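Per this note's numbering, residue 8 is the first one in the sequence shown, and the count goes up by one each step.
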Amino acid sequence: FVLVVLGFLSIRQNTVWKDKETLYKYILKFNPQSSRTHFNLGSAYVEKNLGELAIAEFKIAIELNPDYVDAYVNLGYSYQKNGETDEAAQIFKKAIGVAPKSHLPYYYLANLYQDINKLPEAIELYKKALSIKSINPNICFDIARAYDKTVATDAAINAYQKTIKLDPFYIDAYVNLGALLAQQGRFEEAREIWQKGLKIKPDELDIERNLEKLDRLQKKR
């Protein structure tokens, strides 16, 4: 009898835990004032590309906890994914006001500005994020990309080098750093960087193609 009852309970729990969305909805039935659960449900909607539903949940999380910086950031990001860049920027700015010592809102606003080609503003925000979280390789990589777009090549190279120093497995940094070195005519340095990248990811097609181009270029010289 006990085994039969436990079997029914197991079936019921498997239904509850079917996926994240189902789980968090179930929890909210018993604790609708949980800002964390509303945040988690919103994040589950983001994973499913259900932007409007995600936005609604993040707003509820903020109403329940006005200092919830992660909810602001995810709300802004959801607006950004929906193409609502003005709304996203406003939310990220609110997040900075709520949590000025967190690197996250500066970083996400910088990414937004880079996406809409406001590069000087993006770079300043990346710098602010780095002043708070100097050991974050993602910030270093993205500020390098912004420097590259503004043709601040030396600054971009330095930022890519720092990215690799912080995360030796950051393959995109090897790809981009090698490309900048090659553009400057520093071919052997570029080759060395790309070869290091291939040791980390032997099937990286971008590096293989770049090395082939470099070989053809040097044969012509």
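The C-beta atom is built at its ideal place from N, Cα and C for all residues, glycine as well. From a predicted model like this one, the values you see are computed outputs, not experimental measurements.
When DSSP states are grouped into helix, strand and coil, residue 211 belongs to the coil group.
Only residues of its own chain outside the window of five on either side were considered, and among them 176 and 178 have a CB closer than 7 angstroms to the CB of residue 207, listed in chain order. With 16 or more other CB atoms across the displayed protein chains lying within 10 angstroms of its CB, residue 49 is buried. Counting along the chain, the unbroken alpha helix (DSSP H) around residue 170 starts and ends at 160-173. With contacts defined by Cβ atoms closer than 8 angstroms, residue 87 and residue 78 do not form a contacting pair. In the three-state scheme derived from DSSP, where H, G and I count as helix and E and B as strand, residue 75 is classed as coil. Nearest in C-alpha terms to residue 85, of all of 125, 106 and 116, is 116. Beta-carbon to beta-carbon, residue 152 and residue 190 are separated by about 15 angstroms, too far to satisfy the 8 angstroms threshold.
A residue is called buried once 16 or more other Cβ atoms fall within 10 Å of its Cβ, and residue 142, having fewer, is exposed. Assigned with DSSP and collapsed to three states, residue 114 falls in helix. Excluding the 5 residues flanking it on each side, residue 41 has same chain C-beta neighbours closer than 8 angstroms at 34, 35 and 71, in chain order.
Annotation for residue 106: 76 place their beta carbon closer than 6 angstroms to its own, counting only its chain and skipping 5 residues before and after. When only Cα atoms are considered, residue 51 and residue 59 end up about 12 angstroms apart. Residue environment for residue 183: buried (at least 16 other C-beta atoms within 10 angstroms of its C-beta). Taking every protein chain shown into account, the CB of residue 37 has fewer than 16 other CB atoms within 10 angstroms, so this residue is exposed. When 205, 204 and 198 are compared, the shortest CA-CA separation from residue 221 is found for 198. Assigned with DSSP and collapsed to three states, residue 176 falls in coil, not helix or strand.
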